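Okay, so here's the structure we're looking at.
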Amino acid sequence: MAPVGSVFPVDFWVWDADYVNTSVTRYVEITDPCPRPNGGSQRYRLCKDLHNTLYCSPLPCDRANAMRPPYYEPPSLALLSDVVYVEYGSVPPYYLGPCASLPHAKTTNTTTDDYDYGNDTADFSAVQDDTAAGYYCGAYALTRARYSNGRVVPIDLTNDIDVRPMIDCTATNGTNTTAAADGGTTDATLCRACPLDLMHLPGGCLPGAYYYIFSVSNGINSTDKVLTVQVYYKTSVRGYVSPFPPYDNYAFAVEDADNINTAIRQVENVGATDTWLYGWLVSFISDSLELADVQDSDVVPRKAWVAQLLGVTGVSVLVDVEVHIHAPNAVHMGLIRNYLIYVSAMTTNASFLVSELSTKLGFDLRAHSQASNVAQKVTGTSSSVNGSSRRSQLELRKETDNKCYRNAQGCGCPFAMAFRGIGSIFGID
1 MAPVGSVFPV
11 DFWVWDADYV
21 NTSVTRYVEI
31 TDPCPRPNGG
41 SQRYRLCKDL
51 HNTLYCSPLP
61 CDRANAMRPP
71 YYEPPSLALL
81 SDVVYVEYGS
91 VPPYYLGPCA
101 SLPHAKTTNT
111 TTDDYDYGND
121 TADFSAVQDD
131 TAAGYYCGAY
141 ALTRARYSNG
151 RVVPIDLTND
161 IDVRPMIDCT
171 ATNGTNTTAA
181 ADGGTTDATL
191 CRACPLDLMH
201 LPGGCLPGAY
211 YYIFSVSNGI
221 NSTDKVLTVQ
231 VYYKTSVRGY
241 VSPFPPYDNY
251 AFAVEDADNI
261 NTAIRQVENV
271 GATDTWLYGW
281 LVSFISDSLE
291 LADVQDSDVV
301 PRKAWVAQLL
311 GVTGVSVLVD
321 VEVHIHAPNA
331 VHMGLIRNYL
341 IYVSAMTTNA
351 SFLVSELSTK
361 LGFDLRAHSQ
371 ASNVAQKVTG
381 TSSSVNGSSR
391 RSQLELRKET
401 DNKCYRNAQG
411 CGCPFAMAFR
421 GIGSIFGID
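Quick note on numbering: the sequence shown equals residues 1 to 429 in UniProt numbering.
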C-alpha cells in the first residue's frame, strides 16, 4: 500500500487520423483518510463497522465498534402458509392477518422500546400445545440486531406488519356497440380485489385468486411477502368406467377388482396407496379429462366389481368413480389436502409451529441461535413390478380410449359415455 503523500501521474492520450494527437496528465495523491484534527498529535484510525461503513476513530477499531449502534439486518417475514385455500361459503381455519407477537413465553420491553425476546429470561420451551391458540394467525416478523462482539438479538416486529390487497386487473374486450359506433372504445378492464377482513365471512369473497401484500420495516430496511388466497367452488360428477380391456379369465378380473377395492380402503384409512393398479386407474381417468383440468388427486374411485357388458366378449371390471371439479381450475384436491394437513399441524402443535417459524424466519426461536434451513427429502414408495405386460396393454387401452373420447361421437367407448356430461360442462364435448 502506498504511503500517505504519494503522488501518481496518470496520462490520457487520444489518437485520431484526421486530427492532431492530444494528451493530458492528471495526478492522484494519496491523502490521510483520518487526518489529525487541527494539526494535533492525536492519531485517528480508519475503521469499518458492521454496516461496512468507514469511519475515523481515536480508539482501536474493536473498541470503537463496541460503542457503535448495532447492525440491524433486513427484517424476516414469515406467512403461516403462502397459499390459502378457502371453499366458497366457508371461512379460513385461522385468522389470515398478522399476529400480535411471535409465539414465545414472554417479552421484555427494552430501553429502546424494542421488544427483545432474545434475552436470557425468555423461555421458548414454555410454549405448550394448549397455550398456542393465541398464535393461530397469518404472519410473523422479526429483525436481528448484530453487535460487534458477535451477539445477535432478535427483535419482534410482528405487531408492525402492514397488509394491503393487491388489485389484479385484466384487460377484456367490451361489447358496447353504441360506444363503438360513436367512435369510442369497447375495451374494458376487469379488476378483482377483496378486503382481507371479508375473507373471514362466509361468502364474503367470490371464487377466484386474491393476493395480499404483507410488509414490515425496521426503520432501515423493509421486506414484503405476497399471500395468495384461492377461493374456490367445488362440484363433482359421478359415474362408472370400464378402464381395462375385457378379461377372458374371470379369476383375473376378480383379482384386479379386489386389488382396486383394497387400494380404495387404504386411501380412506391412511390417505395414500402405492398399488400400481390404483395409480394407473386414476391416471387413466385424469389423462382422459385433461381438457377439463382434472388431475389424479381429483379422481376418487369408490368401488370396483366384475360384470358382463352387453355386446362385449368376456367380463369387464367396472369402477364407480367420482371426479371433483374446481373453479378456478388452478385448484385441485391434492393441493387442498396438503394445505389442510400442513395448517392442521401448524395450528394444533406449538412445537411444530415454532420449528417451522424458525426455519422461515432464519432464527432458532428455541435455541437463540441462527437457524439452519434443513432440506427435507420426501421418499416415495415404488410401485410393484408385477404385471409389466399388463401395463403395456393398459397404456395402449388408455391411448385408444382417449382418442375415442376426444374425437368420436357415439363410439361406444364406456368411459366417454359415462362422463360425457363433464365435457358439456366445460364446453369440450
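For each residue, glycine too, the CB sits at the ideal point set by N, CA and C.
Everything numeric in this text was worked out from a predicted model, so none of it was measured.
Grouping DSSP H, G and I as helix and E and B as strand, with all else coil, what is residue i?
{"i": "I325", "result": "strand"}
{"i": "V14", "result": "strand"}
{"i": "N407", "result": "Bear in mind that the predicted position of N407 carries a pLDDT of just 49, short of 50, making it unreliable; the figure below should be weighed with that in mind. In the structure shown, N407 sits in a helix (DSSP, three-state: H, G or I)."}
{"i": "M166", "result": "strand"}
{"i": "C61", "result": "helix"}
{"i": "E73", "result": "coil"}
{"i": "Y94", "result": "coil"}
{"i": "P37", "result": "helix"}
{"i": "A253", "result": "helix"}
{"i": "R366", "result": "coil"}
{"i": "S23", "result": "strand"}
{"i": "R192", "result": "strand"}
{"i": "L79", "result": "strand"}
{"i": "A171", "result": "strand"}
{"i": "N338", "result": "helix"}
{"i": "D160", "result": "helix"}
{"i": "R68", "result": "coil"}
{"i": "S101", "result": "coil"}
{"i": "D298", "result": "helix"}
{"i": "S283", "result": "helix"}
{"i": "L201", "result": "coil"}
{"i": "N149", "result": "coil"}
{"i": "M1", "result": "coil"}
{"i": "Q42", "result": "coil"}
Starting from residue i, follow its DSSP beta bridges and name the residues at the other end.
{"i": "D320", "result": "Y240, K303"}
{"i": "D222", "result": "Reading off the sequence, residue 222 comes out as Ser, not Asp. BP columns for S222 point to S217."}
{"i": "F8", "result": "V28"}
{"i": "L310", "result": "None, per the DSSP bridge assignment."}
{"i": "V229", "result": "V84, Y210"}
{"i": "Y55", "result": "C47"}
{"i": "Y247", "result": "V315"}
{"i": "T235", "result": "I325"}
Where residue i and residue j are concerned, what is the direct C-alpha to C-alpha distance, given to the nearest angstrom?
{"i": "V354", "j": "P154", "result": "15 angstroms"}
{"i": "residue 497", "j": "L190", "result": "Because the chain spans 1 through 429 in this model, residue 497 falls outside it and cannot be assessed."}
{"i": "V4", "j": "S23", "result": "28 angstroms"}
{"i": "A209", "j": "P245", "result": "41 angstroms"}
{"i": "V7", "j": "T53", "result": "26 angstroms"}
{"i": "A100", "j": "A139", "result": "9 angstroms"}
{"i": "N261", "j": "C194", "result": "44 angstroms"}
{"i": "D258", "j": "V229", "result": "40 angstroms"}
{"i": "H332", "j": "V267", "result": "17 angstroms"}
{"i": "D156", "j": "P103", "result": "10 angstroms"}
{"i": "Y117", "j": "Y232", "result": "The pLDDT assigned to Y117 is 41, lower than 50, so where the model puts this residue is not dependable; a value taken from the coordinates is nonetheless given after this. Cα to Cα, Y117 sits roughly 39 angstroms from Y232."}
{"i": "A263", "j": "V317", "result": "15 angstroms"}
{"i": "L365", "j": "A141", "result": "12 angstroms"}
{"i": "C205", "j": "I220", "result": "36 angstroms"}
{"i": "V241", "j": "A330", "result": "25 angstroms"}
{"i": "D18", "j": "I30", "result": "38 angstroms"}
{"i": "G150", "j": "N218", "result": "20 angstroms"}
{"i": "Y212", "j": "R192", "result": "12 angstroms"}
{"i": "T359", "j": "A350", "result": "14 angstroms"}
{"i": "V20", "j": "R26", "result": "20 angstroms"}
{"i": "D197", "j": "S222", "result": "24 angstroms"}
{"i": "I325", "j": "E87", "result": "12 angstroms"}
Check whether the Cβ atoms of residue i and residue j lie closer than 8 angstroms to each other.
{"i": "P92", "j": "H200", "result": "yes"}
{"i": "R164", "j": "P70", "result": "no"}
{"i": "Y95", "j": "I336", "result": "no"}
{"i": "V10", "j": "V28", "result": "yes"}
{"i": "P75", "j": "V226", "result": "no"}
{"i": "V294", "j": "G239", "result": "no"}
{"i": "S81", "j": "Y339", "result": "yes"}
{"i": "A307", "j": "V319", "result": "no"}
{"i": "S90", "j": "P202", "result": "yes"}
{"i": "E73", "j": "T143", "result": "yes"}
{"i": "F214", "j": "I167", "result": "no"}
{"i": "Y247", "j": "G334", "result": "no"}
{"i": "C34", "j": "L46", "result": "yes"}
{"i": "V254", "j": "V323", "result": "no"}
Within 8 angstroms (strictly less), CB to CB, does residue i reach chain C?
{"i": "L190", "result": "Looking at the structure shown, chain C is missing, and only one protein chain is on hand."}
Cβ pair count under 8 angstroms reaching 3, the region 56 to 64 against the region 341 to 359: no
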